[in-house]
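Comments concern the structure below.
Chains as they are written, first to last, in the working numbering: chain A, 31 to 365; chain B, 5 to 420.
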C-alpha cells in the first residue's frame, strides 16, 4: 500500500444479522445455534438469521440459481454500494472477492441419481440422457466458483476490473490487496473488496470433519462482508492504514483495540498472549462467530469497522485461516 | 543461466508514471495433440483438429458425444495438477531463470476438480438414495466417503499450491477461479504483481480437465454444446462449443529475454447482465478490450486471438465488441480461434489463447481456425481459414469471456 485507503461504505450479512453496525456487540455475547437449519445434528455453529424478502438477494427465481455463497455475497455487495452512495457509474466499479467452493444444492443430487438408473444400476448414458434433466438446469453452474461474484455483479450492475480468488480464507486477503492495487494504479477509482462463504454445505462440512478441524474446535459459520474503497475521501467511515502477512506489523503504534479471528482455540490463546505482550494497553477482542472460511477475514474487517464506530480510534485486525495463513490489517478513524 | 537485466527496457511510462515492463520468458502446454508446446503449435498451424468421440466413459445419450480429450494422466488423482505440472515444467525449462524464491510467484486459473464419479454417486446414495436429500443420513454416512475425496483433488487452489511448493516459490500464490476467464486473469494478475514490484518472475497460466460426465451433461443440458459435434468458431453453421482439456503456462519476468515479447497490457470488466448469456450489446467485452489497449498504449493490433467459442451468441457479440473498438480497421486484422481445433478448455482457455498469440508474434504467422468452412458474412471478420497466414505481426490481442459475465483481454507486443 502506498497510502492509506478510505473505506466509504460496507455491507455485511452474518450470524449477527444484516449490516455491520452492532457486529462488535455480537462478538462480546455470541449466541451459537444448536440445531443448524441445515440439519447438522448436535453441531454447535453459527448461521445467518432469517431475512425478510426485501433484505434477501434478488427474487425467489434468482435465488434458486445461487449457491449460499453467491446469495450472501450479493447481499453484502448491495449493502456496501448503498452505504457508499454509489448509484451511478457502476459499470466502472471494480470488484474483488474471496470465494469458497460454490456448493450445489444437495437436494438436486438424489433426483438426478434416480433418473440415472437403468435396471437399478447407475448408467452414465442415462445420466447424460436424463439424469441432469431431472434437476435444476443450472445445477452445474452452482459449482462455478466465480458465480459467488457474478450474481452480485449482475444484480447491481458492477462492470469494472474484477477477480474471484478461491481459498479457505487467504484468498480474501488477496482480494483486498488486489482491490487496493486497482485503485492505486487507477484501474478504477472505486472498488469493492470482500469475501463470501458458508461452512455449512454438506460436503464442506464432511471435509472439515475429515480434516480433523472439527475435533480441534472449529465451529461452522457463514456470511459475507464487502468494503467499498476509494483512494481519497473527505468523510470516510475509516481508513485502512496498512496490511500484511503474519502477526508483525512494522511501525504500528499501539492500537486502541486488537481483534482476533482465529478458529483454533489453542492458537487463539497463543496469539492473544502475544498481542497482550506487544500492546499491553490495547483491549483485545475475540471474533466469536465461528469459522466461515473465505468469508471470515471480511467479517473480521466488518467487526473492526464497528469497533471504530463505537469509539476506538484504531483497530488491529488479525485472522488465521484453516490452512494456517495469518494476515492483518490496521484500521483507523479520523476521530 | 541468469540473464543480465536490460535497464533500458525494464521500465516503461504509462499515464505519466514509470512502471516495470513484463516480458515473456517461457512457454509450455499440454494438449490433445502433444505434451510439448512446439508440437501443439505445429499441429494448430497445419489446421488439424483434435476433437474425437469420447471414449473415456459411456457418452451414449449425452447431448454431445465428442470432446478434445487429453489421453494422459488418466489415473492421476488430480488430472488438473498432472497436466499443469507438465506444462509448467516446459515453460520453466525454457525460461531458465535463476530466481530468488521470495521474488517468484505462481498464478493459476483453475476451477474445482472432481472426485471420482463413483464416489460422488456414493455420496448421493449416502444422502438416502431416495428422491429427497436426507441431511441426517448424509451427515452420518458421508464421513467415511468424504475420506475418499482427496480435498486436494477437488480444491481449485491445489494446482497453484502444489506448483509453488515444487518450484520453491515463496512469493504470492493465487488461484483465479473465474470459469472461462481464469487462465487469462491469472496471467493478468501475474503481470500486475511484476509491475507492482512484488515479484520479478511469475509462473502463470490455466488448466482445464473437464472431459467428464458432469460437465458434458451439464453444458449439454444448457444447450451450450454443439449438437452435431463440430466446433467451428465464426462459422455460419456454428451451433455450440465442444469441451476440451489441457494446460497452458507462461513464465513472465521483469527481465526481457530471447523471445523479445512483452505483455504490454490487460483489461478486465464484468457484463453485469446474465449468468449464461453475454450482454447483447457487447458492452462488457468492448470495455475489457478498450482497457487492455489503453493499458498497452496502442490503438490497434496486428492480430486477434479470439475467444471464439463457436456458440451463436458469443461469436456474434465478440465480433460486435471488436467492431465497436476497432471500427473499419477490424476488416483488416486477421483473427482466429483455437477452439475449433482443441475445443474449449474452460479455465485453461485464456492461457491457451495467450500462448497462441505469443507464438504467432514470435514466428510471424497466424493460426487458422479449424472447423471453419463458411465464415458468417454478418460478422465481417478477416478470418484465417485452412492454413496459417504469414505476416509481420507486432501486436496481438487475446480475448477471454466467461459464463457469468467476467471478461479479460490481454495485449502482447513483439519488441523488435
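From the three backbone atoms N, C-alpha and C, an ideal C-beta is built for every residue, glycine too.
When DSSP assignments are scanned along the stretch 329-354 of chain B, the uninterrupted stretches of beta strand (DSSP E) that are 3 or more residues long and fall wholly within it turn out to be 338-340. Annotation: Cβ neighbours of residue 193 of chain A in chain B (cutoff 8 Å, chain order): 180, 182, 189, 193 and 272. Judged by DSSP in its simplified three-state form, residue 194 of chain A adopts strand.
B:28 is the residue among B:271, B:41, B:28 and B:169 whose C-alpha sits nearest the C-alpha of residue 259 of chain B. DSSP places residue 163 of chain B within a helical segment (H, G or I) once states are collapsed to three. Annotated three-state conformation of residue 122 of chain A is helix, per DSSP. With respect to the C-alpha of residue 300 of chain B, the residue from B:313, B:399 and B:346 having the closest C-alpha is B:399. As for any alpha helix (DSSP H) of minimum length 4 sitting wholly inside the stretch 282-319 of chain A, the runs are 295-308, ordered along the chain. For residue 61 of chain B, there is no enclosing beta strand (DSSP E), as DSSP gives it neither H nor E. If you check the CB distance, residue 321 of chain A and residue 248 of chain A come in under 8 Å.
Membership of residue 417 of chain B in the beta strand (DSSP E) is indicated by the continuous run 410-418. Counting every other CB atom within 10 Å of its CB across the protein chains shown gives residue 370 of chain B a total of 16 or more, marking it as buried.
Each of B:243, B:232 and B:247 was checked against the Cα of residue 211 of chain B, and the nearest Cα belongs to B:247.
C-alpha of residue 91 of chain A to C-alpha of residue 406 of chain B: approximately 22 Å in a straight line. For residue 253 of chain A, the beta-bridge partners assigned by DSSP are A:227. The shortest CA-to-CA distance from residue 325 of chain B to any of B:289, B:308, B:307 and B:313 is the one to B:289.
A straight-line Cα-Cα distance of about 34 Å links residue 333 of chain B and residue 181 of chain B. Judged by pairs of C-beta atoms under 8 Å, the stretch 33-48 of chain B does not touch the stretch 101-116 of chain B, as fewer than three such pairs exist. Rounded to whole angstroms, the Cβ separation of residue 252 of chain A and residue 227 of chain A is 7 Å, and the two are in contact under 8 Å. Per DSSP, the unbroken alpha helix (DSSP H) holding residue 332 of chain A starts and ends at 326-339. Inclusion of residue 329 of chain A and residue 272 of chain A in the CB contact set at 8 Å is not warranted, their separation being larger than that value. Per DSSP, reduced to three states, the secondary structure at residue 219 of chain A is coil, with no helix or strand assignment.
Residue pairing by DSSP places residue 359 of chain A opposite A:273 and A:347 in a beta bridge. Listed by position along chain B, the residues whose Cβ is nearer than 9 Å to that of residue 159 of chain A are 64, 65, 66, 67 and 221.
Between the C-alpha atoms of residue 361 of chain B and residue 402 of chain B there is a straight-line separation of about 7 Å.
Two segments are said to touch when three or more pairs of C-beta atoms, one from each, lie closer than 8 Å; by this definition the stretch 214-228 of chain B touches the stretch 58-66 of chain B. Around residue 63 of chain A, the same chain offers 77 as residues with beta carbons nearer than 6 Å, after the five sequence neighbours per side are excluded. Counting the other CB atoms within 10 Å of its CB gives residue 32 of chain A a total below 16, which places it among the exposed residues. Inclusion of residue 411 of chain B and residue 310 of chain B in the CB contact set at 8 Å is not warranted, their separation being larger than that value.
Within the stretch 163-177 of chain B, not one residue has a Cβ closer than 7 Å to any Cβ of chain A. The CB of residue 405 of chain B never comes closer than 7 Å to any CB in chain A; the least such distance is about 12 Å. The stretch 160-180 of chain B makes contact with the stretch 104-112 of chain B, as at least three CB pairs between them are under 8 Å. With contact defined as three or more Cβ pairs closer than 8 Å, the stretch 293-305 of chain A and the stretch 347-354 of chain A are in contact. A straight-line Cα-Cα distance of about 55 Å links residue 388 of chain B and residue 82 of chain A. For residue 99 of chain B, same chain residues with a beta-carbon under 8 Å away, outside a window of 5 residues either side, are 29, 30, 205, 255, 257 and 261 in chain order. Proximity of residue 279 of chain B to chain A, defined by a Cβ-Cβ separation below 8 Å, is satisfied.
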